[in-house]
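A.B. asks: No gaps in the numbering here: position 57 of the sequence shown is 195 in our numbering, and each next residue is one more. No residue lacks a Cβ here, since even glycine has one placed at the ideal position from N, Cα and C.
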Amino acid sequence: MFDANFYDVQTDEEFWVSGPKRDRTDTRYGPSDPEIEPEAVDAYRAFLEGAPLPGRENG
Numbered sequence: 139m140f141d142a143n144f145y146d147v148q149t150d151e152e153f154w155v156s157g158p159k160r161d162r163t164d165t166r167y168g169p170s171d172p173e174i175e176p177e178a179v180d181a182y183r184a185f186l187e188g189a190p191l192p193g194r195e196n197g
């Protein structure tokens with residue numbers, strides 16, 4: 139994995155996964171809009187507004 143930190147075990151496709159950042163620098167190379175899974179949009183917007191990430195409510 140030269141330029142990835144995860145890969146799909148079924149397809150061997152390599153990709154980079156970044157954690158969300160409140161300053162919106164979520165992407166690896168330069169400014170651009172991150173791709174957000176549709177079921178995570180509400181949690182991402184809440185995170186940007188200051189809420190903890192799901193599962194991280196206690197730290």
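So the alpha helix (DSSP H) Tyr182 belongs to, where does it begin and stop?
C.D. replies: Where Tyr182 is concerned, the enclosing alpha helix (DSSP H) stretches over Val179 to Leu186.
A.B. asks: Is the Cβ-Cβ distance between Asp164 and Pro172 less than 8 Å?
C.D. replies: In contact: Asp164 and Pro172 (Cβ atoms closer than 8 Å).
A.B. asks: Could you tell me whether the Cβ atoms of Arg166 and Leu186 are closer together than 8 Å?
C.D. replies: No. Outside cutoff.
A.B. asks: What residues are listed by DSSP as bridge partners for Glu152?
C.D. replies: Paired residue(s): Tyr145.
A.B. asks: Shortest alpha-carbon distance to Asp141 belongs to which of Glu195, Pro158 and Glu152?
C.D. replies: It is Glu152 whose Cα lies nearest to the Cα of Asp141.
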